[in-house]
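Here's the structure we're looking at; comments come further down.
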Ligand SMILES: Cc1cc2nc3c(=O)[nH]c(=O)nc-3n(C[C@H](O)[C@H](O)[C@H](O)COP(=O)(O)OP(=O)(O)OC[C@H]3O[C@@H](n4cnc5c(N)ncnc54)[C@H](O)[C@@H]3O)c2cc1C
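Numbering (my numbering), first residue to last: 1 to 363.
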């Protein structure tokens, strides 16, 4: 069994940034990720990211992953890719499974940066082959170069639904329509405008009722919904598609945090159950930290900043607080604050302030 100062689970932007910050400050770090390639969600993002220059705006997500990985490989951190964390024993030991063997990793501090899982949607025949999550479609197209189908119905008009629709078109796949249950488009209008210019109808106040087909998707029935999001009778119509792509939100992947026994709270603005945490990304158990989408669904920029805060704070806990660690923590916290005060940060800001209110309540 190996022992490290800080074990980090998840090699997306949050975990990579945490590992870089902690390793730079002199802590003995091991980063574990279940994929062979580091970067988490970033490896399938072929588009240029929005945000600020300081957080790689204008750079493709996959290139941001490569930059962070290169930075980490220049530091004395151990990288265990292709390895899943499958359990936690006694609060201080992780069980790891790679293709070859099971091992254990003991830690003084743990940073959970496991990201999020895609939400499913309840409708008739939603288990037919040809119904995918948007993340799976991106992985097929952008990582493996495989087309998921020829004509797609996209469900959900948040940024993920809009961006993946555009990427489908770039891959030579037709997008029949984007349906959105709410009366307005959820994502940035710059992404919606690109689709509109290409003639893709974005149907707000619409949902998918049923997938058609016996062995695989051969079509979809869509309909209008009222204010209560219930289908309006007489509004159903058929679309000829062979793929239905669901982009209907993400839920923090917090199983490992539940297992630690730290305090969990439900905050809808953060995407569901999250571990309660303070501004240092520390949970109710002082040696357990979290960062990125597992702490509330946001973006790569905030994931990187939260990772830096968690990494620097955990490093300070094991090797002692010093001005360098204090600088990383304060600087990243200030940037997080500024992003959440920005035009698109209000939901996360509201969720994080609800967490702060929970601190006053008994566990
Ligand atoms: C289509 C799309 C477009 C986006 N566009 C932008 C954008 O333009 N700008 C922006 O800032 N953000 C964007 N994002 C959001 C951004 O990609 C995510 O917010 C960010 O990747 C979250 O980082 P993370 O490190 O928390 O999680 P992730 O990137 O999800 O990484 C988590 C990692 O942990 C691994 N893992 C999970 N559980 C375990 C386990 N038990 N053992 C080992 N490994 C584990 C996962 O496999 C994964 O590799 C976009 C997302 C999508 C889907």
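The beta carbon of each residue, even a glycine, is placed where N, CA and C say it ideally should be.
Query	Result
Whole runs of the alpha helix (DSSP H) within the segment 217 to 296, excluding any shorter than 4 residues	255 to 260
Residue 30 beta carbon less than 8 angstroms from that of residue 14	no
Cα-Cα separation between residue 187 and residue 269, rounded to whole angstroms	16 angstroms
Residue 222 Cβ short of 7 angstroms to ligand 2 heavy atom set	Among the ligands modelled here, namely ligand 1, ligand 2 does not occur.
Top-ranked residue by Cα proximity to residue 342, from 208, 123, 298 and 122	298
Pair within 8 angstroms by beta-carbon distance, residue 116 and residue 271	yes
Environment of residue 12 [buried if 16+ CB atoms lie within 10 Å]	buried
The segment 68 to 85 / the segment 321 to 331 touching (three or more Cβ pairs under 8 angstroms)	no
Straight-line gap, residue 174 to residue 150 (C-alpha atoms, nearest Å)	6 angstroms
Straight-line gap, residue 119 to residue 155 (C-alpha atoms, nearest Å)	12 angstroms
Expected contact under 8 angstroms - CB spacing of residue 18 and residue 38 to nearest Å	Not confirmed; about 13 angstroms, so no contact.
Residue 229 to residue 179 span [Cα, whole Å]	13 angstroms
Three-way DSSP call (helix, strand, coil) for residue 200 in this model	coil
Beta carbon of residue 305 nearer than 8 angstroms to that of residue 257	no
Range covered by the alpha helix (DSSP H) that runs through residue 346	346 to 358
Beta strand (DSSP E) segment containing residue 7, residue limits	2 to 9
Contact under 8 angstroms by Cβ, residue 114 with residue 97	no
Residues near residue 50 in its chain [Cβ-Cβ closer than 6 angstroms; skip 5 each side]	57
Nearest candidate by alpha-carbon position, reference residue 171, set 282, 102, 43 and 140	140
Short Cβ contact (8 angstroms threshold) for residue 262 with residue 244	no
Among 198, 182, 348 and 281, the one whose alpha carbon lies nearest that of residue 167	198
Top-ranked residue by Cα proximity to residue 203, from 157, 220 and 238	157
Chain B contact for residue 46 (CB, 8 angstroms cutoff)	The structure shown contains no chain B; it is built from a single protein chain.
Burial state of residue 320 (16 or more Cβ within 10 Å)	exposed
Any non-hydrogen atom of ligand 1 within 7 angstroms of residue 105 CB	no
Own chain, CB closer than 8 angstroms to residue 191, minus 5 neighbours either side, in chain order	159, 162, 163 and 166
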